[in-house]
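A.B. asks: For the sequence shown, position 44 matches number 49 in the numbering used here, and the numbering has no gaps at all.
Glycine residues also receive a C-beta, built at the ideal position from the N, C-alpha and C atoms.
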Amino acid sequence: MSISSKSDRQPASPEASSAEAPEVVIVGAGPAGLTAAYQLAKAGHTSTVLEGDDVVGGISRSVERDGWRFDIGGHRFFTKVPEVEALWHEILPDEDFLLRPRMSRIFYDGKYYDYPLKASNALRNLGVIEAFRCVLSYAWARVRPPKDQSKFEQWVAARFGYRLYRHFFKTYTEKVWGVPATELSADFAAQRIKNLSLSKAIINALLPKRNQKEITSLIEEFQYPKYGPGMMWERCRDKVEAAGTKVLMRSGVRRIRHQGGKAVAVVAETDGVETSYPCTEVISSMPMPALLRAMDPPVPDEVNRAAADLQFRDFLTVALVVPESAGFPDNWIYIHAPTVKVGRIQNFGSWSPYMIKEGRTCLGLEYFVFEGDGMWTMPDDELVELGKRELVSLGLLDDPSVVESGYVV
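(1) Counting only beta-carbon atoms, is residue 276 nearer than 8 Å to chain D?
(2) Hey, residue 297 and residue 304: beta-carbon distance below 8 Å or not?
(3) Distance, Cα to Cα, residue 94 vs residue 82?
(4) Using CA coordinates, which residue listed in 52, 51, 50, 75 is at the minimum distance from residue 62?
(5) Roughly how many angstroms separate the alpha carbons of residue 141 and residue 348, rounded to a whole number?
(6) Less than 8 Å between the CB atoms is what I'm expecting for residue 312 and residue 293, so what's the real figure, rounded?
(7) Do three or more CB pairs link the region 348-366 to the region 325-340 at distances below 8 Å?
(8) Starting from residue 179, trace the alpha helix (DSSP H) in both directions and tell me its first and last residue.
(9) To which residues does DSSP link residue 241 through a beta bridge?
(10) With respect to the alpha helix (DSSP H) encompassing residue 393, which residues constitute its N-terminal and C-terminal limits?
(11) Could you tell me whether the region 176-195 touches the region 151-168, using the rule of 3 or more Cβ pairs below 8 Å?
(12) Just curious, the alpha helix (DSSP H) that residue 342 is in, first and last residue?
(13) Enumerate, from N- to C-terminal direction, the unbroken beta strand (DSSP E) stretches of 3 or more residues contained entirely within the region 298-366.
(14) Quick check on the burial criterion: 16 or more other C-beta atoms within 10 angstroms. Buried or exposed for residue 39?
(15) If you count every other CB in all the chains shown that lies within 10 Å of the CB of residue 1, and 16 or more means buried, which is it?
(16) Starting from the Cα of residue 107, find the closest Cα among 338, 324, 127 and give me that residue.
(17) Under 8 Å: do the region 316-325 and the region 95-105 share three or more Cβ pairs, one atom per stretch?
(18) Here's the rule I'm using: 16 or more other beta-carbon atoms within 10 Å means buried, otherwise exposed. How should residue 26 be labelled?
(19) Please go through the region 91-166 and give each complete beta strand (DSSP E) segment of 3 or more residues, from N-terminal end onward.
(20) Could you pull out every residue in the same chain whose Cβ sits closer than 8 Å to the Cβ of residue 50, ignoring the five residues on either side in sequence?
(21) Rounded to a whole number of angstroms, what is the C-alpha to C-alpha distance between residue 318 and residue 378?
(22) Please name the residue, chosen from 302, 230, 48, that lies closest to residue 259 on a Cα-to-Cα basis.
(23) Return the residue from the list 53, 37, 174 that minimises the CA-CA distance to residue 281.
(24) Taking only three categories from DSSP, how would you classify residue 47?
(25) Let me confirm a value: residue 412 is counted as buried when at least 16 other C-beta atoms fall within 10 Å, else exposed. Which label applies?
(26) Please report how far the alpha carbon of residue 290 lies from the alpha carbon of residue 144, in whole angstroms.
(27) Can you tell which of 372, 149, 361 has its C-alpha closest to the C-alpha of residue 178?
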């Protein structure tokens, strides 16, 4: 491996940085990194952005394969902050935004359930007998609630009963997080299911006006770039580069040199060649363990050990091109069936007609994984076949042969 230097200058000392223009290195060309570069450029400061991937946008990127564009994860553009709204339209002109209807549902046992869960809809779809059992289960949970509600399962069961919990909370949550719900902290449930219980859901269904102040409003429409969220960050990259900022792709950060509590240089590797970028400031969106491992000189061992204990969940998308008739009106549907591994399915045609082709749509099956596990290392062609089988198993596709093509992103 060869070593090269950006310049022969020595890194600026902390004392000199206050009198000179800052040399800013930004790690990551996702929304955070590119927005930082954009705001700096508006203030008259150029920077260097280092991105390890070959596409900008991070997990908000849009990936293109054979003319199809895929949104990684699904990203609705909605905010109550005027400054954020103004920034979006400053980067991307109004004509490049679409106003799209918001629709998401739960697909369970061949039926669609409202999301967030509505008691009347859920109990009706479950049928009279199972609905009665769910009500009894809820009543029992109210009379004899779990004593320990520090974990997700007990917290939800105390508010919905164990039967509804098993139908609509357990499987999907365990797919997303990859751990049993009995081990997941109730703090997560308190944030995601705030002020909601079966009794409140029933009262809100019967007396919506009386209780509307207690319900967090859900948006009916949202903005969306014509060609996916990656379009926003591709345009942002173009704007900062036009202002003199360098956005360097396939440039993974290897070391961050520091002295006296200040960063003085960032070393990145591009095509096997390491380059040192002197700096007075670093803005990082690297995962915390990777950031700490890159520190030169290294951080204390106990800090690295603590960072190594942090766990991250990954996901991959299997995108299948199918006839338009195989789609659904939702932006995505949540898959609660324990018999399949897929956790959520997007219909990219429901996000934007510009991302699909006439007569066909593209379904994005999302699988939640750990990097390096069996799903993560499975060959792409096997993942595509798995996606086909699961669509058929769910009843969303009758014949797997109608799948025109498949991609893994």
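C.D. replies: From the atom records:
(1) The chain inventory of the structure shown lacks chain D, comprising one protein chain alone.
(2) Contact flag set, yes.
(3) Their backbone Cα atoms lie some 11 Å apart in a straight line.
(4) That would be 75, whose Cα lies nearest to the Cα of residue 62.
(5) Rounded to whole angstroms, residue 141 and residue 348 show a C-alpha spacing of 29 Å.
(6) With 8 Å as the limit, residue 312 and residue 293 qualify as a contact, their Cβ atoms being about 6 Å apart.
(7) The answer is yes - the region 325-340 touches the region 348-366, with three or more Cβ pairs under 8 Å.
(8) Here the alpha helix (DSSP H) through residue 179 covers 176-182.
(9) DSSP output for residue 241 lists no bridge partner at all.
(10) For residue 393, the enclosing alpha helix (DSSP H) covers residues 385-399.
(11) Flag = yes, the region 176-195 and the region 151-168 touch.
(12) For residue 342, no alpha helix (DSSP H) encloses it, and the DSSP letter there is neither H nor E.
(13) Counting only runs of 3 or more, we get 319-328, 337-340, 349-352.
(14) With 16 or more Cβ atoms within 10 Å of its Cβ, residue 39 is classed as buried.
(15) Residue 1 lies beyond the stretch modelled for the chain, which goes from 6 to 414, so this question has no answer here.
(16) When only C-alpha atoms are compared, the closest one is 338.
(17) Counting Cβ pairs under 8 Å, fewer than three are found: no touch.
(18) The residue in question, residue 26, is exposed, as its Cβ has fewer than 16 Cβ neighbours within 10 Å.
(19) As far as the region 91-166 is concerned, its whole beta strand (DSSP E) runs of at least 3 residues are 102-106, 109-113, 116-119.
(20) Listed in chain order, the non-local C-beta contacts of residue 50 below 8 Å within the same chain comprise 26, 27, 29, local neighbours out to five positions each way being set aside.
(21) CA-to-CA, the gap between residue 318 and residue 378 works out to about 11 Å.
(22) Selection 302, 230, 48 evaluated against residue 259 yields 302 as nearest (Cα-Cα).
(23) Residue 53 is the option with its Cα nearest to residue 281.
(24) In the structure shown, residue 47 sits in a helix (DSSP, three-state: H, G or I).
(25) Around the beta carbon of residue 412, 16 or more other beta carbons lie within 10 angstroms, which makes this residue buried.
(26) Going by the C-alpha atoms only, they are around 47 Å apart.
(27) When only C-alpha atoms are compared, the closest one is 372.
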